[in-house]
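K.L.:
Structure incoming, see below.
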Amino acid sequence: IAATQPSTNWHLKENAREHHTSKFSSEELIVRRGQAFTITFNGTERPEQNLIFIAETGPKPSKATKTLATFDISSTASKEGWSAVLQSTSSNSVSISVSSPHNAIIGRYRLSVQSGSSTPASLGTFVLLFNPWSSGDAVFMPNKAECEEYVLEEFGIIFAGNKNHISSFGWNFGQFQGDTLNICLSILDRSLYYRQDPITDVSHRHDPRYLGRVLSAMVNGNDDQGVVLGNWSGKYEGGKNPSSWTGSGEILQSWKKSGFRPVKYGQCWVFAAVLTTVLRCLGIPTRTITNFSSAHDADGNLRVDEFYDAEGNHLEKGADSVWNFHVWNESWFTRNDLGPSYSGWQILDATPQEQSGGIYQCGPASRYAIKEGEVDLDYDSTFVFAEVNADCMYWNYDSATGKKTLIFSKSTEIGASISTKAVGRDDRVDVTNDYKYEEGSAKERDIFKKARKKLGLEDKFDPTAPKIEEIEQKPDISGKFKVAGSLEVGKDLNLLLVLENLQSDAKTVNVNMTAWSTLYTRRRVNQIWKDSISVTLAPKEEKQFPIKIKYPEYQQQLTTDKTIQVTALCHVEDGIQVLVKRNITLDNPGIDIQVLGEAKVNKEVVVEVAFTNPIDAEVKDCVLQVEGSDLLQGILELRIPPLKASETSSTKFKLIPSEAGPKHLLVNFSCDKFADIKTFKMVNVIN
C-alpha cells in the first residue's frame with residue numbers, strides 16, 4: 001500500500017451537510033466529534049486485508065495523552081474510542097465511515113492508513129470541532145434553534161449605553177469567513193499554556209472549560225501576545241478607536257498579518273465579540289452579555305467605593321469603579337467538576353480587568369453559582385458576583401485632611417438590565433433574573449450575606465466600613481436629574497435638577513454642580529460645565545432648576561463614547577450632604593439604508609445609504625464603512641464629500657451576495673463632528 005500514495009475523496013459536501021459545517025469555505029474536511037464521516041480512498045491493492053487507521057494531533061502524539069488513536073475496521077461504530085466501519089469496496093477503492101469519541105481532542109488531525117506490516121500512508125488532514133448537536137458532547141445544546149443562533153449565526157447585536165437609556169449596535173462575528181478557523185487554531189498554539197507545555201495543553205483540548213479559560217486570556221494582548229490590546233485612555237493614536245470596529249474578521253486578519261502582534265485597540269465589547277467568534281468557530285455555543293452599572297471590585301470585598309470632592313467632582317481614587325455597561329460572554333457546557341446543577345451557561349470574560357492565576361483571564365464561572373452566591377467555586381466567581389451584585393458606597397473625600405465621610409450607600413445600584421440578543425430575532429432579552437434574585441427581596445440580601453460569609457467578610461474588622469448609625473442618618477432633602485428634551489449629539493442638552501425638602505421646616509441648600517465628558521467606564525476626561533446655586537426650600541417643597549448645556553460647549557469635549565456625567569453635591573445647612581448624579585449617553589443622529597431591488601445569490605444588487613447633517617455647520621472627513629458576511633468580501637470603505645448644514649448625502653454601492661438566507665449588512669459612518677454612527681439592515685437573499 002505504501003508504494004502508491006493513496007488519493008482520498010473526503011466527500012466534503014455530504015460530510016459538511018451532516019456535520020453542520022457547510023458554512024466554512026474550505027478545501028479541507030471540517031467535522032464534529034462523536035459523529036461519523038465518510039471517506040473513500042484508493043491505492044490499496046487488497047482492501048480486504050487488515051487495514052489499520054492512525055489519527056493523530058499535536059506535536060508529539062501518544063495514546064497516553066489521547067492525541068494518537070489506532071483503529072481497525074470493525075462491524076459497528078465504537079461508543080468509546082475511534083472506529084472505522086466498512087461502507088463499500090471496489091477493485092481498488094475503499095469507503096469507510098470514521099467515528100471519533102464524544103470527548104475527542106479538537107483541532108487538526110493527520111489521518112493515515114497501514115496495510116499489514118507496510119509503512120503507513122497518509123490520507124491527508126481534517127479538522128475536528130465540538131458538536132453541540134450530539135447528546136454525548138459536553139457542549140450538547142438540546143434546543144436546535146439555540147444551536148443555530150449560538151454556533152451558526154454570524155451576526156450579533158451588542159447592547160450598550162446605560163441602564164436608563166439602552167442602545168445597541170450590530171457586529172459581524174464572521175466565524176465561517178475566509179481562514180478564520182485557521183486563525184482560531186493558531187490562537188490556541190500561541191497561548192502561554194501551549195508555549196510552557198505543548199503536550200499537556202493539547203491533551204486538554206477536549207474540554208470546553210479549559211479552552212474557554214485559555215481563550216479568555218488569549219483574546220486580550222496582556223501577558224501573551226494575544227489578539228487585542230485594550231485602551232481606556234480616550235486617546236487612540238497609533239491604532240483604531242475601539243468604537244470604530246464593526247466585526248471580528250478585520251481584527252483577526254490584522255493580528256495574523258502583523259505576525260501575531262496585539263491589534264490596537266479594544267474595549268470590553270471588542271474582547272467579547274472576538275471571543276464569541278472564536279468559540280462559535282470551534283463549536284462551543286456562545287453569546288455576548290451586557291451588564292449595566294457593572295462593578296469592577298478590585299479588592300474583592302463585594303463593595304465599590306466612589307469618592308467625590310466638595311465641588312461634586314467624581315475623584316479618581318481607589319481601584320474600584322462602576323462602568324455604565326460591561327460586555328462579557330456566556331458559553332454553554334457541562335461542569336463535571338462542580339456537579340450537574342452548575343452546567344449550562346458559563347461566564348467567560350476576555351477583558352483584562354484583574355489577574356486570575358497570575359494572568360489576565362476570567363472564567364468559566366457557572367451562572368447558577370453566581371445566582372446562588374457560591375463565590376468559592378471555580379473560576380473567578382467572586383469577581384463576577386461583584387460585577388452584578390456589589391454594594392455601592394459614596395464618600396465625600398477632603399484631600400487636605402484625607403478625611404472620608406460616607407454620603408450614602410446603595411445595594412440596588414449594580415447589575416441592571418442584563419441583556420443579550422434574542423434567538424432568531426433582532427431583539428433584546430433581559431436575563432437579569434438568571435444572575436440574581438429580585439433586587440430588594442429578602443432572598444437577594446440572603447444570597448449577598450452568604451457570599452460575604454464565604455469570603456470571610458462578615459466578621460472581619462474593617463476600619464473603613466461605615467458604622468450603621470452613619471448610614472441610618474436620613475437626608476433632609478432628595479434630588480434627581482430629569483432629562484428634558486432629546487439626548488442627541490448636535491443638540492443642546494436640557495436637564496432639570498429636581499430637589500425636594502423631606503422635612504416640615506425650611507432648608508437652605510448650597511448646590512455645586514459639574515458636568516464632565518467621560519468614557520463608558522465613567523472615567524472623567526474633560527470638564528464641560530460647572531455652576532453653583534443656593535436655594536431655600538419651604539417645608540415639603542419641591543423645586544425644579546433647569547440646566548442647559550449648549551452643543552458648542554460640549555462638542556469639543558465629548559468622547560467617542562458620547563457619555564456625560566452630571567453631579568450635584570448638595571450641602572444642606574445643619575444636615576448631611578446629598579449627592580445627585582446621572583450618567584447620560586447621547587445618541588448619534590440616524591443613518592438610513594435602502595436595498596434597491598431584490599437580493600439574489602451571485603447577482604449584483606444596489607444599496608443606498610443616506611445621512612443628513614443635523615447641525616448648522618459643515619461636516620467633513622466623511623467615511624462610510626460597510627461589511628456583512630455572505631454579502632461582500634472584507635470591508636468596503638467609501639469617502640464622502642463634505643456636507644453643509646442640513647444637507648443630505650446619498651451614497652450607492654453594489655453587493656454580490658454569495659449565499660441565500662437572512663444576512664445582515666453593517667454600516668459605520670464617521671466624520672469630524674460625529675464618530676461611528678452605526679446601523680444595520682437585514683437583507684433577505686434568495687436563490
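In terms of UniProt numbering, the sequence shown opens at residue 1 and continues consecutively.
C-beta: ideal position from N, C-alpha, C; glycine also.
Since this is a predicted model, take the numbers as computed values, not measurements.
Please name the residue or residues paired with L496 in a DSSP beta bridge.
P.N.:
DSSP output for L496 lists K482, P546 as bridge partner(s).
K.L.:
Using the three-state DSSP reduction, which class does M218 fall into: helix, strand or coil?
P.N.:
It is helical.
K.L.:
Here's a check: name, in chain order, each residue in its chain whose Cβ is nearer than 7 angstroms to the Cβ of S22, leaving out the five neighbours to either side.
P.N.:
A16.
K.L.:
Buried or exposed for E387, going by 16 or more other Cβ atoms inside 10 Å?
P.N.:
Answer is buried; the Cβ neighbour count reaches 16.
K.L.:
One question on the structure: do A617 and V685 come within less than 8 angstroms of each other, judged by their Cβ atoms?
P.N.:
Cβ distance not < 8 angstroms, so A617 and V685 don't count as in contact.
K.L.:
Looking at C-alpha atoms only, which residue of K644, P61, P132 is the closest neighbour of C281?
P.N.:
Closest by alpha carbon: P132.
K.L.:
Look at L128 and R33 and say whether their C-beta atoms are less than 8 angstroms apart.
P.N.:
Yes.
K.L.:
Hey, could you find the ends of the beta strand (DSSP E) E306 is sitting in?
P.N.:
Start and end: 303-308.
K.L.:
Measuring straight from C-alpha to C-alpha, what distance separates N241 and G174?
P.N.:
If I take the Cα positions, the gap works out to 20 angstroms.
K.L.:
Are there 16 or more other CB atoms within 10 angstroms of the CB of T559, so buried, or fewer, so exposed?
P.N.:
Per the 10 Å Cβ criterion, buried.
K.L.:
Less than 7 angstroms between C-beta atoms, sequence neighbours within five positions excluded: which residues of the same chain meet that for Q177?
P.N.:
So the list reads G249, S629, once near-sequence residues are dropped.
K.L.:
Leaving out five residues before and five after N103 in sequence, what residues of the same chain have Cβ atoms less than 6 angstroms from its Cβ?
P.N.:
Taken in chain order, the residues that qualify are H206.
K.L.:
Look up A272 in the DSSP assignment and say whether it is helix, strand or coil.
P.N.:
If DSSP states are grouped into helix, strand and coil, A272 belongs with the helices.
K.L.:
Could you check which residue in V580, Y342, R108, M393 has the C-alpha nearest to that of N301?
P.N.:
Of V580, Y342, R108, M393, the residue nearest in Cα terms is M393.
K.L.:
Kindly indicate which three-state DSSP category F292 falls into: helix, strand or coil?
P.N.:
DSSP places F292 in strand when its eight states are reduced to three.
K.L.:
By the 10 Å Cβ neighbour count, where 16 or more other Cβ atoms means buried, how is F653 classified, buried or exposed?
P.N.:
The residue in question, F653, is exposed, as its Cβ has fewer than 16 Cβ neighbours within 10 Å.
K.L.:
Please classify V683 as buried or exposed, where buried requires at least 16 other C-beta atoms within 10 Å of its C-beta.
P.N.:
Burial call: buried.
K.L.:
Would you list, in sequence order, the uninterrupted beta strand (DSSP E) runs of no fewer than 3 residues that lie entirely inside the region 16-66?
P.N.:
Complete beta strand (DSSP E) runs here, min 3: 29-32, 37-42, 51-57.
K.L.:
Taking the alpha helix (DSSP H) that F448 falls in, what are its first and last residues?
P.N.:
Per DSSP, F448 belongs to the alpha helix (DSSP H) from 442-454.
K.L.:
Only counting runs of 3 or more residues, tell me where the beta strand (DSSP E) segments fall wholly within the region 553-580, in order along the chain.
P.N.:
Whole beta strand (DSSP E) segments, 3+ residues: 563-572.
K.L.:
Roughly how many angstroms lie between the CA atoms of E56 and Q196, to the nearest whole one?
P.N.:
Going from the Cα of E56 to the Cα of Q196 covers about 21 angstroms.
K.L.:
Can you tell which of E154, V535, F545 has its C-alpha closest to the C-alpha of D494?
P.N.:
Note on residue identity: the sequence assigns Asn, not Asp, to residue 494. It is F545.
K.L.:
Would you decide whether N9 is buried or exposed? Buried here means 16 or more other CB atoms lie within 10 Å of its CB.
P.N.:
With fewer than 16 Cβ atoms within 10 Å of its Cβ, N9 is classed as exposed.
K.L.:
Within 10 angstroms of its Cβ, does N336 collect 16 or more other Cβ (buried), or is it exposed?
P.N.:
Flag for N336 reads exposed.
K.L.:
Can you check DSSP and say which residues form a bridge with Y394?
P.N.:
Y394 is bridged to E306, F408.
K.L.:
Alpha carbon to alpha carbon, how far is A365 from S381? Give it in angstroms, no decimals.
P.N.:
Whole-angstrom Cα-Cα distance: 5 angstroms.
K.L.:
Rounding to the nearest angstrom, what Cα-Cα distance links E316 and W516 in this structure?
P.N.:
Approximately 13 angstroms, taken between the alpha carbons.
K.L.:
When DSSP builds the beta bridges, which residues end up paired with E637?
P.N.:
Paired residues: Q625.
K.L.:
Determine the extent of the alpha helix (DSSP H) in which F385 is found, giving its start and end residues.
P.N.:
Its alpha helix (DSSP H) spans residues 381-389.
K.L.:
When you compare each of I187, T67, S486, V580 to P589 by their alpha carbons, which one comes out closest?
P.N.:
For P589, the nearest C-alpha among the options comes from S486.
K.L.:
Can you round the beta-carbon distance between K644 and Y551 to whole angstroms, since I take them to be within the 8 angstroms contact cut?
P.N.:
Going by Cβ atoms, the distance from K644 to Y551 rounds to 17 angstroms, so no, they are not a contact pair.
K.L.:
Which class does I593 belong to by DSSP, given the choice of helix, strand or coil?
P.N.:
Correct three-state label for I593: strand.
K.L.:
How many angstroms separate the CA atom of V525 from the CA atom of I584?
P.N.:
Their backbone Cα atoms lie some 14 angstroms apart in a straight line.
K.L.:
Would you kindly report the start and end of the unbroken alpha helix (DSSP H) that includes N433?
P.N.:
N433 -> alpha helix (DSSP H) spans 432-435.
K.L.:
Secondary structure at Q254, three-state DSSP: helix, strand or coil?
P.N.:
For the record, residue 254 in the displayed sequence is Ser; it is not Gln. It is helical.
K.L.:
Would you kindly work out how many angstroms separate the C-alpha atoms of I477 and V578, rounded to a whole number?
P.N.:
Those two C-alpha atoms are separated by around 7 angstroms.
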